[in-house]
Each structure stands twice: as structure tokens, then as C-alpha cells.
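Taking this note's numbering, I'd label the letters of the sequence shown as residues 1 to 880.
No residue lacks a Cβ here, since even glycine has one placed at the ideal position from N, Cα and C.
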Amino acid sequence: IGALFPVHRQIAGSESCGEIWEQYGIQRTEMALRTVRELQDQLPFRLGISVRDSCWTERIAMEQTIAFLREGVAQCSCCQTPGCNKKSVPVVAIVGPGKSSATIAVQNLLQVFRIPQIGYSATTPDLSDKEQFGYFMRVVPSDVWQAQAINRLLHHYNWTYIAVLYSAGNYGEKGFEALERLLNQKNSLVCVAYSQKIKSLAGEAEYRNVLKSLSSQKSRPQVVVCFCEGLTVRNFFQAQKHLINRNKNFKRFQWIGSDSWADRNDVVTGLEDEAEGSFSIRIHAPKVPGFREYYSRLNPENNTMNPWFREFWQQKFGCQFAVSKEDKNNENIRICTGNEDLDKEYKEDPKLSQVINSISVVAFGLKAMYQDRCRIGYWPDATRSSCHALPHETISWSSFGSILALILATVGMITTTLTTIIFLKHNSTPVVKSTTRELSYIILSGIMTCYAVTFSILAKPSSISCFLTRIIPPIAFSIVYSALLTKTNRIARILAGSKKRILTKKPRFLSTFSQVVITWILVGIQCVIVAVGVLQEWPSAGFSPHYLPSRLVLVCSTSSGSFLTPFMWNLLLISLCTLYAVKTRNLPENFNEAKFIGFTMYCTLVVWIAFVVLHMGTVNKALTMSFSFSLSASIPLLLLFFPKLYIIILHPEKNVRASYTTTKLIRCHFGNSQGAFDSKHLSSKTTRASVQSGSVRSSTKSSSLAGGAAGAGITRTSSVHVPVVTKATPGLVDCSTQTEDAGKFARTFSIVGKKKPIDEDVAQLVEACRRYQDEKIGATTATNLLLEEAEDEVGTMLADSIGNSVRTVLSTVTGGVRPTPAVKPPPPKRHTLSPPSVEVVVNTPSMLSPPQAFVPKPPRARQRDRKSPIIEEDGFEEVC
1 IGALFPVHRQ IAGSESCGEI WEQYGIQRTE MALRTVRELQ DQLPFRLGIS
51 VRDSCWTERI AMEQTIAFLR EGVAQCSCCQ TPGCNKKSVP VVAIVGPGKS
101 SATIAVQNLL QVFRIPQIGY SATTPDLSDK EQFGYFMRVV PSDVWQAQAI
151 NRLLHHYNWT YIAVLYSAGN YGEKGFEALE RLLNQKNSLV CVAYSQKIKS
201 LAGEAEYRNV LKSLSSQKSR PQVVVCFCEG LTVRNFFQAQ KHLINRNKNF
251 KRFQWIGSDS WADRNDVVTG LEDEAEGSFS IRIHAPKVPG FREYYSRLNP
301 ENNTMNPWFR EFWQQKFGCQ FAVSKEDKNN ENIRICTGNE DLDKEYKEDP
351 KLSQVINSIS VVAFGLKAMY QDRCRIGYWP DATRSSCHAL PHETISWSSF
401 GSILALILAT VGMITTTLTT IIFLKHNSTP VVKSTTRELS YIILSGIMTC
451 YAVTFSILAK PSSISCFLTR IIPPIAFSIV YSALLTKTNR IARILAGSKK
501 RILTKKPRFL STFSQVVITW ILVGIQCVIV AVGVLQEWPS AGFSPHYLPS
551 RLVLVCSTSS GSFLTPFMWN LLLISLCTLY AVKTRNLPEN FNEAKFIGFT
601 MYCTLVVWIA FVVLHMGTVN KALTMSFSFS LSASIPLLLL FFPKLYIIIL
651 HPEKNVRASY TTTKLIRCHF GNSQGAFDSK HLSSKTTRAS VQSGSVRSST
701 KSSSLAGGAA GAGITRTSSV HVPVVTKATP GLVDCSTQTE DAGKFARTFS
751 IVGKKKPIDE DVAQLVEACR RYQDEKIGAT TATNLLLEEA EDEVGTMLAD
801 SIGNSVRTVL STVTGGVRPT PAVKPPPPKR HTLSPPSVEV VVNTPSMLSP
851 PQAFVPKPPR ARQRDRKSPI IEEDGFEEVC
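The following block contains the structure:
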């Protein structure tokens, strides 16, 4: 707060500052400092005050006001000392000055900068004009009320013939005008016989001439109303005293003074006889309790905040704090001790309560401005006197972020649509069938919905758009991740079944229908969660609290907890998919997209963790959701479907079953003859070996041919390659063994798995083969059989197929063969791939016919008939 107090008196006849003014200057300054300190505990902010001396003149008051503006408005730091950095003082309001004319001059300047001014002493009626002085208010009544008090006083004493003297300036002139209007009314009995304006700085002679002119009237008025400042009243008293001293017949006037005189002692000091019997008007100002005690305890040591206090102390007590060496021996110069008594001859300023009121008005006005806010949707005007409605803002589709989000969603929808069309067009091709078509179309529908929800998020918030934004995203993502979880769970169960013993129970719920039903059950759980959340907190449009109160941004008013809770189910699905993806990460390439699903889950998990964090901390949640949802939908589209589109469109030659079916080979070798057999001359020249090592593929089907002579006890092992196009055989291990004892039966299974004893299983298989041979199979030429098993239905189908294949082998071995010279077979070649295969050798009593050689014949191509159908599923083939 800025304060303008007359710390110094005005020098008579000039615009300069004189001696210290205790009541109007020092006491008001100390009262202001005390009031600010006492108000600190009641305010929600820190309040300060800067007091400047106005010297009771307009010119100096204007200079000090300009200094306030220079420091507060212009933010200018002015220091005369080099290196000084003076802080600027942001002035929010100015209290004072006390003189009415000076107050008007200051107000004309302050209202240009819209700085409020509080008057504690200015009573001129002009300041009541709010159109002209819109930034001024006061805590004292206007002179209009003082004029009414004087009018009633005149009528009360029946003083009907009066004279009016008034000071030149706004205070005296406007006061006289107000009194004159009252006296000119029809019901008024008072007559103004003489009126005269006089300057406050006029000389003594002018004051004497006015009184002489008043006394020379034919009908001399006895009552004089002086609407004057205090100094003017004193000058009239001095002039009257002078005239009485010169002319004993000069009669004293009955004086009625205005509030500028009031009960000021300095006006009548030494002139008490002249003021005897006078009346003066004083504004009601009760004494401030406790101020006299507070003021009397002050001294130059404990009062360092008041820069004029030492000067005042020296003036009041006629002493000095600093004495030169020359004046130390001067007995007329008194040294101040600081223990002088301020309570001696104490006279309190009658307007101290107005000083308290004016400072309190500013303090509590600031408090009200901070606490009394406009209601939501409104904002204060430039003058902070009223509230005006704010315009409603929504997310603009023309902003850069919105355009980018819409482009991303549109491109995603177009890409998803084209992907669906291409998949439908190539619905029966191996590359599409290998993706489990029904689940793939479900995933594509979920991805399309995830892209489409961007338009609902960025639309103008309403009940419908907020409802769609609330329910669509969690359900759409649950469609995608439920289908992916079903896929990964199916793969994991197949993988677990393939590691069990040969004779196992067929895993359940592996059919396509079962997978679709499981997917929609998981989606149904999400629908229930969303429905419960919507019923607890119905989605609606409201204003974002992040922009309030200065802006009204219309958004869907849904709490973060209610919006994110349904996504916890999706996070659970993602976590389970990620877990299954880790478990199936080592499956062979293209086996039901295990690795691609794994990559999808890893990326999705990172995106979703980032989305939850951003949604909790960001302000523009709509754009965050749009980008996060589009990015989450793009991950499965790019990682799961784009590789398939690449094959379908750019490399259709790879769109064959051989590239999308993974098999294992099981080879069986039989024989007990020690003879050797060489079948190199039977190798086909039109084919190439299909044995693969590591990750190298072959497109030919390998076949092993084994023959044995029962009597010779020699096992002959050779292999021929038949030109039959089959699927690739990753993980194939070619191995052969020889029995050391004649009459023994040796069988070798080369499979990927763990070593397990299977003696009892083999005995059961042999017995089953005999029964199967008697019923279904006749004696056939000895052939060697390559057993292939598809990965699907590994548990049950592996056991069934091995049993059927062993029956075929046994029936072939026990059939008729033609003897050939014994040929020592070459050392067996073993091919080991990663993962390493395990050989299991079981020796059983010989059930073969006497030793005899045979010439193998090329195996006949399998016939697809009712007894040995090929059952095809998406990505799988079972050869019976």
C-alpha cells in the first residue's frame, strides 16, 4: 500500500516543506505501520506499506505519486549509488493525501493507471462523482453532510444573518456551494450577507482587509462561517487579534469552523481568546485504544522503520543526536539521550481511526478479491468489479494434434479394411488358414473398432460421445487380446501335450469353435465390468478442472479411476498373453504365429504402461487416449498381419502348405541279420535328400528302407528317396542302429523329447499290430516307412499315429522277401539337429522269418480314402 501523509508542514506562502508535523505526520505514519503489522495474521498474503511525505501541498503530493508509479507500474529501478539494485514496489492502492485539492490532483493521475485511492480525510463533494473519479473511495463523509450540520446549527441558534468566508480551492469552494444551496431553500431563514474567498497562502494584510470589509457593512453580520482549512482559520484569528489591538472598538465575530479546524490545537495556540465561544465541526473519530501507550514507548533505538522519527525526536525535545566538535562545549545545544518522554504534552490526532479504516479497507478488499471468486463459467472483468460468462471451448479438430490423431486413425481403418478384404479373398490359402481364420477376423474387427473410437474421443463432448468413449475402448481391446490369449493358450497346451508320453489323452477345447466361444466369454467378462462402472458413474460432459477458472474446456467428466478400471482386465489379458508368449517363444518358425504374438505382447505391454502413466498426469487426456489407442491397435496389425500380407501380395510362391506346417519325423528300423545291403542303385535321381540340419529346409520327402534276414541275425539298413513332394521336416534326426545279437529285434525311435523307457509300450504295440495285420492288412512287400505327425493334436494323435504306423511296419517286415547276398552295410550316419534327439532302443525276441535278403520297392503313394483321410484344420494336417 502507498500512503501519503503530511509529515512536514507547508511553509506559509510557498510550496515547500517546513518543520515536522507530529499529529498529521508522525502519529499517522506510526498508526499506519502498526495497523499493517496487526493485519498480517488476518490476511492470506503478505501486506506492506510505503509512506511518503506530501507536505500538505498539491505539487509535492504529485511528485510522490509519480514516484509510486515509477516504481510500481513502470517497474523501473532507480538508484543514485553505483552498483545499487533497488527493488521495485508493486503498489496496489494509495491511501491519502489528507488535503482535498491534493487528493483530486492525485486521483486524476492514478485513474489513468487504474490504481485505487482511499481518502481518509478528503471531504470535498466533487470526489463523490464516480463517473469522474471512478477509482476513488473514502472513509469519511462528504462536505454535504457538514453543510447540513452547519445549517441546522444556524437555525438552532436563530442566526439568520451571517457571513461566509471560504478557502480558495476545491475544499472551501465546494463546501460553500453546498451550504449556499441549503441556505437558499424556501424554508431557510438564514441570509448570507457577505461571502468572500481567500487563498490559504495569502498574506496577513489580505486577511485583515477581508475582516475590515466585513466590519464595514451597513448591517454588520455577527456570525462568520469559515469553510476554510486550518491554516486559513488561524490566519483569520491572527488578523482579528491585530485589528482588536489597534482598535479597541472592533468587535469579535462568532466563528463557526469546518472540520479542517475541528479540535486542532495548532490552530488556536496563542489565539485562545480569539477562538473563545467558537464552534467547529469534527467528523466522528473515536480514539484508538492502546495507541497512546504504544506511541509513548517509541524511541529512536526501537523505531528504525520510520525514517523521520529521529528528526522528529530532535525537533520535539530540542536536542541533537550528532554534535560537531565545535558545538560540544556549547551549552545551548542539548544532546538527545533517547529517554525523553513522548507522553509529555501528548495530543492525539483525531483522524487516526480514519487512517486505520482506510488501510483496513485496502487489506480486506484484497482479501475479498482473492477469496470471493466468480462462480465456475465466469471470469472477472478488467475492473474486477463484475463477472462475465466465459465461452465454451472444445478440442479443435483443426489443431495439429487432432489432425495427426485423425490421420493416424483414418489410415489405420483403411489398412484394416484392406487387410480384411485380402484375407477374405485368399481365405482358403495356407497363409490365411495358418492364422486360425475365425480368430483373425475377430482380431481385425477389434482393431477396426480401436481406430474408430478416435472420432468419438475427439468429437464435441456430449452424453452420447462420452458414453461411447467410455464403453468402446475397453471392449474393443478385450476383443483383440482375448483372441490373442486364446491363441497363445492353445499353443502352450499343444506344446505341453507334445512333451508327454506317447499314449496320452487328447487335450480338450482345441477346436476352432471352442476357441471362438472362449474368446467371446472373455469379452463378455469385460462387458460386465464396463456395465458396472458405467452404472456407478454415468458418463457426462463437463468442464475440465485443469483449465478452470480462466477457461471453460468442455470434456467428458469421468474420473481417471472409473475410466481406467475396465482397462485392468485388458492388462490382465495382455499379461497372460505375454506369459504364454514367453513359454512358447522357442517354437519352430511359423507355428501358429507364436513368435509374432510374443513380439506383439511385448510392445503392447510397454505402450499400455506408458498410457496409464500419461493418462494420470497429462492435461489433454483426449489426445493421449487417441494416440495410445491407435498405437495399440497398430501393433497387432503390423506384427501379426503385415507379414502375411507380404507373402500373399509379393511372394505368392511361398503361400504353400510346406511353408506353414511344421512336422516331426519318427523313423523305425527293423532287422536281425548281420548281412549288409546296399541300395544306392535304387536311389532316385530325380529327387534330393530331405534330411535337414539346423534350420535348413528341404522340399522332398525322405523315406527309409530297412530289411533284415531273420536267420542270419544281420540288420541291413539303407535309405531310398522317393520323389514325393511333402512338407518340410524341421527337427528331423536320421539315425539307425544294429542289433548285436542274432535273433533280436531292434527298433529305434528318433524323436525330439526326453528319454523314457517304453518296453511295455512296444510290447503292447506289437500285439496290437498282429491283430491289426490279421484283420486289415495282408502280406505285402517289405518297405520302409517314414512316419510324419502334425503338431496339432500332438497328445492324442501322436499316440494313435505311432500305433498305426508300427502296425504297418510290422506287417511289412513279416511279409515275404526275396533273398539277396549279404552285404555289409556302411557305417550308419547320424545327423543331429538342435534340439538334440534322444534314441530309445528296445530289444525284443525275434519274430521275423529266417534270414533272407530282399529288394526294396519304391513305396506307393498314399491313397486318400475313407479309411485314411487327411483331416485338415487351419494350420494343421493329420495324416492317418
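| Check | Outcome |
| --- | --- |
| Close-in-space but distant-in-sequence residues of the same chain around V268 (CB under 6 Å, 5 per side omitted) | A275 |
| Residue(s) in a DSSP beta bridge with E393 | V553 |
| Own chain residues within Cβ distance below 7 Å of S150, not counting five before or after | One point to set straight first is that residue 150 is Ile, not Ser, in the sequence displayed. Result list for I150: L179, V225, I256, I281, in chain order. |
| For R297, three-class secondary structure by DSSP | coil |
| R9 vs W21 beta-carbon contact at 8 Å | yes |
| Residue environment, Q515, which counts as buried when at least 16 other CB atoms sit within 10 Å | buried |
| A168 beta carbon less than 8 Å from that of K197 | yes |
| For G172 and S100, the rounded distance between their alpha carbons | 9 Å |
| Proximity winner among F309, S559, T600, relative to T578 (alpha-carbon distances) | T600 |
| Assigned exposure category for Q117 - 16 Cβ within 10 Å defines buried | buried |
| Reduced DSSP category for H615 - H, G, I as helix; E, B as strand; rest coil | helix |
| Rounded separation between A3 and P97 - CA only | 7 Å |
| Close beta carbons around K621, own chain, < 7 Å, minus the five adjacent residues each side | H615 |
| For N108 and G18, the rounded distance between their alpha carbons | 26 Å |
| Three-pair Cβ contact test at 8 Å for the region 562 to 581 versus the region 479 to 499 | yes |
| Backbone CA spacing between W397 and A405 [nearest angstrom] | 9 Å |
| Spatially closest choice to P6 from V517, W308, Y441, L572, by CA coordinates | W308 |
| Cross-strand partners of R37 (DSSP beta bridge) | According to DSSP, R37 bridges with nothing at all. |
| Proximal residues to A12 (C-beta, below 6 Å), its chain only, five neighbours per side dropped | none |
| Which of helix, strand or coil DSSP assigns to S386 | coil |
| Whole-angstrom distance between L552 and F45, CA atom to CA atom | 28 Å |
| R59 versus A67 - alpha carbon distance | 13 Å |
| Bounding residues of the alpha helix (DSSP H) (the contiguous stretch that carries Q179) | The question names Gln, but residue 179 is Leu in the sequence shown. It spans 170 to 183 - the alpha helix (DSSP H) in which L179 sits, taken as one unbroken run. |
| G2 in three-state terms, based on DSSP | strand |
| Per DSSP, the bridge partner or partners of V577 | Looking at the sequence shown, residue 577 is not Val but Cys. In the DSSP output, where bridge partners are listed per residue, C577 has none listed. |
| Buried/exposed call for F176, threshold 16 Cβ in 10 Å | buried |
| Buried or exposed by the 16-neighbour rule on C-beta atoms within 10 Å, applied to T113 | With the sequence shown as reference, residue 113 is identified as Phe, and Thr is not the correct amino acid for it. So F113 ends up on the exposed side. |
| Cβ-based burial, I414 [other Cβ within 10 Å; buried from 16] | exposed |
| Limits of the unbroken beta strand (DSSP E) element including W907 | The question about residue 907 has no answer, for the chain in this structure spans 1 to 880. |
| With 16 other Cβ atoms within 10 Å as the buried cut-off, status of L798 | Residue placement at L798 is flagged as unreliable, the pLDDT there being 44, under the threshold of 50; the coordinate-derived value follows with that caveat. That one is buried. |
| Where Q881 falls: helix, strand or coil (DSSP) | A question about residue 881 goes unanswered here, because the residues of the chain that appear run from 1 up to 880. |
| Close beta carbons around S106, own chain, < 6 Å, minus the five adjacent residues each side | Per the sequence presented here, residue 106 reads as Val, with Ser not at that position. A61, T65. |
| Separation of A262 from A163, as counted between CA atoms | 19 Å |
| Beta carbon of I479 nearer than 8 Å to that of I442 | yes |
| Cβ pair count under 8 Å reaching 3, the region 220 to 234 against the region 185 to 201 | yes |
| Nonlocal neighbours in the same chain, by C-beta distance under 8 Å from A202, ignoring five residues either side | N235 |
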